[in-house]
Structure formats: C-alpha cells, structure tokens
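Shown next, in structure tokens, is the structure this report addresses.
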Amino acid sequence: MTLYPAIDLKDGKAVRLTKGLMDSAKIYSNEPYELVKKFEDMGAEWVHLVDLNGAFAGEPKNLEQIIKIRQNCNVKLELGGGIRDEATIQKMLEIGIDRVILGSIAVKDSQFVKDMAAKYPIAVGIDAIDGYVAVEGWGEVSEMKATDLAREFANAGVEAIICTDVGKDGTLSGVNVKFTVDIADASGVSTIASGGVKDESDIRALIDTNKVDGVIIGKAYYEGTLDLPKMFKLLD
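Each number in the working numbering comes from the position in the sequence shown (counting from 1) with 410 added on.
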C-alpha cells in the first residue's frame, strides 16, 4: 500500500476543500513546497498534487508553486488539474512531474487518454458523485457511471486509476471501500483510493481488500486524525 500525501493548490497556497467546494478552502500553508519537504522527511515516496484553479480553468494555473516544489523536493510527484492536451502533458513532464493525472478529458475523449498512456506516465482520475462521474473540477456531473469509465481503461496502459468519492472528500467520514474495490474490479488497473480517509482503520480496511494499491491522505493528516509518520513506518 502506497500512501500519497495530498496537496491541493489554490491561488499559490496549499489548501483542502470539503466535497470539492472551492469556497470551503482551508489554507494549511502559504509555501506548499515546505509541506512536501515535510512529507519527504516522513518517508513519503509520492506526493499527490492537484491544481484546483487549473481544474476549473482547463489549464494549469499554479505553475510557479509546482516548479518550486519540484526544485526543492526529491519525492515523486503526480499532478492533476486542468491537463487536457498533449502539449500540457509534455510541459508538466519537462518540469519534472513524474506522473500526469487526466480527469475530465477521460470522460470526453477516452481515446485521447489511451493514446497518451501509450507514450507518457498517465493516471486516470475518476471522481464520482453518487456513482456518476463528476467533471470540470467537480462542477458538473456526467451521465456516465464511474465503473463504466473504469472499464474503458482496462488494458489501456494507464499506470493507475485514482478514484474519489466526492461526497466524502474532505469530510473525514471514512473512505468508500466498496466504491474503490468496484473500480479496481472493473478496470483491473492499479487503483488508488481517495476521499474521506479519516484514520488508520480506513487504511487497514483498504489493505484487507487485497485489491487497492494506494490511498491519498489529505485532511486526515492536516487535522491530526491520522498519524502519518507512524503509518509510513508501519508500511515500510
């Protein structure tokens, strides 16, 4: 089980949202790279970055901070938020991002994602509200079931699927284990759980499924309900 500490970037700051609502943003750091360094010191192998402004704008908007993180930190970085064309993928990889997350574009043009996965390190972000895929920074809900979208990427060469239950995201109400397993079963791709993680019991529940490869840790760390250094030691 790989733990992915998460940093959401909004207006150059590290924040966390509740249920994806931008006006719920709580600022945790004015210097996001310092947080990444802290995660690195704890033993993180990966850090999960989301450009929130980019997710709504359809193009990256926190580049200055992303570059600063890369220049100051040695962990692997995966980045999502507003990445919707090949030129942007290439640009993110050139500045040192290790894996690019494609979300909204996966719903609108799955073939594009498959083509990109054949050439670059790509993860697909599947975000769901009541089982249906949410797009455009979670501002819209599509008519596609999350499991149907996951099935679309079986044997497509993507490195991972990151699945988020939007209704639980940032709520500390417990991860949706069944949803995560359903995505893993549908896709057969390495699956990373996201949304609602509260404490150690959530991580153990995911491990017990033997079907989930990673979990994104956000508010549980920031609000102190999960001892992240302890978890890194346990899983080392």
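Here a beta-carbon is modelled for each residue, glycine too, at the ideal position from N, C-alpha and C. The structure presented is a predicted model; accordingly, all values stated were derived computationally and were not measured.
Counting C-beta pairs with one atom in each stretch, the region 600-616 and the region 564-574 have three or more that are closer than 8 Å, which means they touch.
Shown here, Ile515 sits in a helix according to DSSP, grouped into three states. Judged by DSSP in its simplified three-state form, Met411 adopts coil rather than helix or strand. Selection Cys483, Trp456, Ile493 evaluated against Ala467 yields Ile493 as nearest (Cα-Cα). Taking every protein chain shown into account, the CB of Lys420 has 16 or more other CB atoms within 10 angstroms, so this residue is buried. Of the other Cβ atoms in all chains shown, 16 or more fall within 10 Å of the Cβ of Ala516; this residue is therefore buried. By the criterion of a C-beta distance shorter than 8 Å, Gly453 is surrounded in its chain by Pro639, Phe642, Lys643, Asp646, once the five residues flanking it on both sides are discounted.
Taken in chain order, the complete beta strand (DSSP E) segments of 3 or more residues contained in the region 531-594 are 532-539, 542-545, 550-555, 570-575.
By the 16-neighbour rule on beta-carbons within 10 angstroms, Arg614 is exposed.
With a 10 Å radius around the Cβ and a threshold of 16 neighbouring Cβ atoms, Ile627 comes out buried. Residue pairing of Val625 in beta bridges, as defined by DSSP: Leu413, Ala603. Between the region 576-596 and the region 438-445, the count of Cβ pairs shorter than 8 Å is below three; the stretches do not touch. In the DSSP assignment, Lys486 falls within the beta strand (DSSP E) that extends over 486-490. Per DSSP, the continuous alpha helix (DSSP H) segment holding Lys447 begins and ends at 442-452. Per DSSP, reduced to three states, the secondary structure at Arg494 is coil, with no helix or strand assignment. Sixteen is the threshold: since fewer than 16 other Cβ atoms of the shown chains lie within 10 Å of the Cβ of Ser434, the residue is exposed. Beta bridge pairing from DSSP links Asp461 with Leu419. Counted as a single uninterrupted DSSP element, the alpha helix (DSSP H) harbouring Lys524 occupies residues 520-527.
With respect to the 8 Å criterion, Val534 and Leu503 are not classified as neighbours on the basis of their beta carbons. In this model, Ala564 and Glu474 are separated by some 35 Å (Cα to Cα). In the structure shown, Asp609 adopts coil according to DSSP, grouped into three states. Per the coordinates, the alpha-carbon of Leu427 lies some 15 Å from the alpha-carbon of Pro415.
Between the alpha carbons of Val446 and Val457 lies a distance of about 7 Å.
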